Amino acid sequence: MVHGNPSWSFYYRNLVLALRGSRRCIVPDHIGCGLSDKPGDDRYDYTLSRRVNDLNRLIDHLDLQEKITLVVHDWGGMIAMAWAILHPERIERIVVLNTGAFHLPEEKPFPLGLRICRDTVIGTLLVRGCNAFARGAARVGCKRNPMTPELQRLYCLPYDSWQNRIATLRFVQDIPLTPGDKGYDIVSAVSEGIAQFQELPMLIVWGELDFVFDRHFLAEWQQRFPNAEVHSYPDCGHYILEDAKDEVVPLIAEFIQRSA
């Protein structure tokens with residue numbers, strides 16, 4: 001289960017509980033996120049290529065022999081699918097949750113809020129000084145069932161200082177939009193390579209009120225994977241495992257068991 005930004009492994013806790021006893025669940029925190037170390041730029045390269053290498057090293061270290069089910073969310077989709085296209089024989093099924101594995105769809109403008117965080121000094125001050133990205137995502141990421149103040153606090157918990165918010169900012173700054181950007185070629189390779197998974201069992205679960213991974217991204221997934229099982233929620237947002245957890249968590253658990 002591969003998380004994105006600005007969340008952490010905590011996002012998957014209810015799904016892990018639903019699968020406990022039937023599946024081995026591996027839920028890492030990316031470097032700089034959750035309970036993982038949060039090194040400075042002098043010790044760690046906060047780029048997509050490094051994230052993919054990290055995932056590869058983890059899987060090698062764990063010496064996993066069985067085929068892998070990927071559950072991906074947000075930028076975790078790009079990281080995990082970049083690894084998957086290099087190891088397609090290792091993948092058994094895929095669960096897609098409000099994420100992308102291709103460039104920004106043509107119809108989708110890059111959100112202004114992300115642009116500010118990615119490209120301006122003000123964005124840096126907001127993200128690292130005020131934790132605006134994690135706090136904002138926690139506030140608006142659920143629409144049907146808004147997060148309680150306590151749940152919002154837990155999502156923001158690891159990002160409690162300027163230093164500990166480095167990954168939250170670097171993730172956004174690393175979003176590749178043009179051919180000259182770092183990681184652009186990786187995204188292109190993933191976009192071209194994921195077609196090889198069309199025959200695998202795939203479940204797409206989507207909150208339609210996500211302000212980034214919205215209906216344009218969902219349409220792209222559906223066009224690329226016409227045989228995928230799709231459950232889309234018009235009244236839910238980015239954190240679909242929170243917003244519709246009573247429906248979605250059993251749905252995913254059942255899909256994993258059924259498609260085994």
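Each residue of the sequence shown is one higher than the last, beginning at 1 in UniProt numbering.
Ideal Cβ positions, reconstructed from N, Cα and C, are used throughout, including at glycine.
Note that the structure is a prediction, hence the values are computed from the model and not measured.
{"Asked": "When the Cα atoms are used, what is the spatial distance from G129 to P105?", "Found": "31 Å"}
{"Asked": "Output yes or no for whether 8 Å exceeds the beta carbon distance between Y46 and A167.", "Found": "yes"}
{"Asked": "For L62, count the other beta carbons within 10 Å of its own beta carbon; 16 or more makes it buried, fewer makes it exposed. Which is it?", "Found": "exposed"}
{"Asked": "Tell me whether M202 sits in a helix, a strand or coil according to DSSP, three-state version.", "Found": "strand"}
{"Asked": "Going by alpha carbons, who is nearest to L177 out of A228, L218 and P109?", "Found": "P109"}
{"Asked": "Are Y11 and H103 close, meaning C-beta to C-beta below 8 Å?", "Found": "no"}
{"Asked": "On the CB-based measure, 16 or more other CB atoms within 10 Å of its CB, does R93 come out buried or exposed?", "Found": "buried"}
{"Asked": "Counting beta carbon pairs with one atom in the region 185-198 and one in the region 81-90, are three or more of them shorter than 8 Å?", "Found": "yes"}
{"Asked": "Enumerate in chain order the residues of its own chain whose CB-to-CB distance from Q173 is below 6 Å, with the five nearest sequence positions on each side excluded.", "Found": "R118"}
{"Asked": "With a threshold of 8 Å, are at least 3 pairs of Cβ atoms found where one atom belongs to the region 132-149 and the other to the region 220-237?", "Found": "yes"}
{"Asked": "Do L200 and E229 have their CB atoms nearer than 8 Å?", "Found": "no"}
{"Asked": "The alpha helix (DSSP H) spanning Y184 covers which residue range?", "Found": "Y184 to G193"}
{"Asked": "Could you work out which residue in N14, G32 and R23 is closest to C156 when comparing CA atoms only?", "Found": "G32"}
{"Asked": "Can you check the region 40-121 for any beta strand (DSSP E) of at least 3 residues that lies completely inside it and give the ranges in chain order?", "Found": "68-74 and 91-99"}
{"Asked": "Using only CA atoms, which one of D54, S259, K182 and V96 lies nearest to S36?", "Found": "D54"}
{"Asked": "Among R20, N5, S7 and V2, which one has its Cα closest to the Cα of E254?", "Found": "R20"}
{"Asked": "Quick one: grab the DSSP three-state call for G207.", "Found": "strand"}
{"Asked": "Cα-Cα, which of G123, S188, L209 and Y184 is closest to D243?", "Found": "L209"}
{"Asked": "Is the CB-CB distance between V127 and R153 below 8 Å?", "Found": "no"}
{"Asked": "Using beta-carbon positions only, say whether F171 and W75 come within less than 8 Å of one another.", "Found": "yes"}
{"Asked": "By Cβ distance, which residues of its chain are closer than 7 Å to P28, with the 5 residues on each side in sequence left out?", "Found": "S9 and L58"}
{"Asked": "Taking buried to mean at least 16 other C-beta atoms within 10 Å of its own C-beta, is residue 262 buried or exposed?", "Found": "Not covered by the structure: residue 262. The range shown for the chain is 1 to 260."}
{"Asked": "Following the continuous beta strand (DSSP E) through V230, name the residue where it begins and the one where it ends.", "Found": "E229 to Y233"}
{"Asked": "Can you round the beta-carbon distance between I68 and R51 to whole angstroms, since I take them to be within the 8 Å contact cut?", "Found": "That pair is no contact at about 17 Å."}
{"Asked": "Is it buried or exposed for P6, if we count other Cβ within 10 angstroms and need 16 for buried?", "Found": "buried"}
{"Asked": "Since V205 and V248 should fall inside the 8 Å C-beta cutoff, what is the C-beta to C-beta distance between them, to a whole number of angstroms?", "Found": "5 Å"}
{"Asked": "Please state the DSSP three-state secondary structure of V172.", "Found": "helix"}
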